[in-house]
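Residue numbers (this note's numbering), protein chains in the order written: chain S, 118 to 296; chain C, 118 to 296. Cβ atoms here follow ideal geometry from the backbone N, Cα and C, with glycine treated the same way. None of these values were measured; they are calculated from a predicted model.
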């Protein structure tokens, strides 16, 4: 039976491709906040049991005061400075491809890449994404931290779904096509 | 009566925000070619009687062998090296804001910005777009010429429409909101 665990990027960016301003300010996301609308996030997180994210993003998430932001999921924090494991949090400084191969060889739900930009770039350079769910916020930020850097291999995608929401967010869902 | 001439960007980019590879290769657009489907281009061009584009893009359009690619529309080619006017083609090296003000003070149809990246950047730096119609092609190019550069002022948008097509192109139509 083929293993079906997928690596999924689920993230928001401005129309001009920024996930934050240079000082990590993500206040532009507030414009799409709407009571009772989570843009599919809860449903998405039910499909994953593992999270991979960069150390800076992890610190940012912690600084937001959320206790156990990923619930009981296994979390891998990519860092150049390895720490001891804390409960379900593993600080990982090895090869990302090896980590992904290892996770895919196990049975489980899908694997959520929660950014940030450096981590996304590592995934792209190694062509590791199986699906991308990108929410486009109706704003041009004009500057900041780009979701998509440069110098990674071309990757063909298939559009699975495009949904637009009342606040003008458009969510695009793609699958990576490997010939 | 308020003048209603709008400056409209109508352009395609990869999901990662590139309009071409570094050598101006736009062959990635071929993947969305489909007989009988022009993604609204003809209908759009019926709403415009004036085109503004950069000199390099103009040369590229000419090199594609199209005779009168813009029909009988007024064309302004932005260039640092002014030439004499040729029929409906004006080579313009003055202030873009002045050109836009002047065109908007006249009556007429809308005004089409046909790129490329340097020209788009000039429009963005001066906050001159009234509408943006962006077609997102289902591919990550990984490198090339970006549609949206950096260092221009933040610009809020309102989503007017989002359309997805059989080949996976998603066309996003935004209006610039000026408070």
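Flag this pair as yes or no: are the beta carbons of residue i and residue j separated by less than 8 Å?
i                      : j                      : result
residue 162 of chain C : residue 232 of chain C : no
residue 289 of chain C : residue 287 of chain S : yes
residue 240 of chain S : residue 124 of chain S : yes
residue 135 of chain S : residue 285 of chain S : no
residue 131 of chain S : residue 249 of chain S : no
residue 259 of chain S : residue 271 of chain C : yes
residue 229 of chain C : residue 277 of chain C : no
residue 187 of chain S : residue 217 of chain S : no
residue 275 of chain C : residue 255 of chain S : yes
residue 214 of chain S : residue 245 of chain S : yes
residue 122 of chain S : residue 201 of chain S : no
residue 184 of chain S : residue 192 of chain S : no
residue 129 of chain S : residue 252 of chain S : yes
residue 209 of chain C : residue 220 of chain C : no
residue 279 of chain C : residue 212 of chain S : no
residue 247 of chain C : residue 293 of chain C : yes
residue 154 of chain S : residue 282 of chain S : yes
residue 237 of chain S : residue 126 of chain S : yes
Grouping DSSP H, G and I as helix and E and B as strand, with all else coil, what is residue i?
i                      : result
residue 280 of chain C : strand
residue 202 of chain C : coil
residue 245 of chain S : coil
residue 225 of chain S : coil
residue 256 of chain C : strand
residue 235 of chain S : helix
residue 291 of chain S : strand
residue 267 of chain C : coil
residue 210 of chain S : coil
residue 123 of chain S : coil
residue 146 of chain C : helix
residue 273 of chain C : strand
residue 118 of chain S : With a pLDDT of 44 at residue 118 of chain S, under the threshold of 50, the modelled position of this residue cannot be trusted; read the value that follows with caution. Correct three-state label for residue 118 of chain S: coil.
residue 218 of chain C : helix
Could you tell me the boundaries of the beta strand (DSSP E) in which residue i lies?
i                      : result
residue 166 of chain S : 165–171
residue 135 of chain C : 135–137
residue 193 of chain S : 191–195
For the alpha helix (DSSP H) that residue i lies in, which residues bound it at each end?
i                      : result
residue 158 of chain C : 158–162
Let me check one thing: in DSSP terms, what residues is residue i bridge-paired to?
i                      : result
residue 131 of chain S : S/254
residue 154 of chain S : S/151
### Task
Give the residues from the region 246–257 of chain C that approach chain B closer than 8 Å (Cβ to any Cβ), ordered along the chain.
In the displayed structure, chain B is absent; the protein chains listed are S and C.
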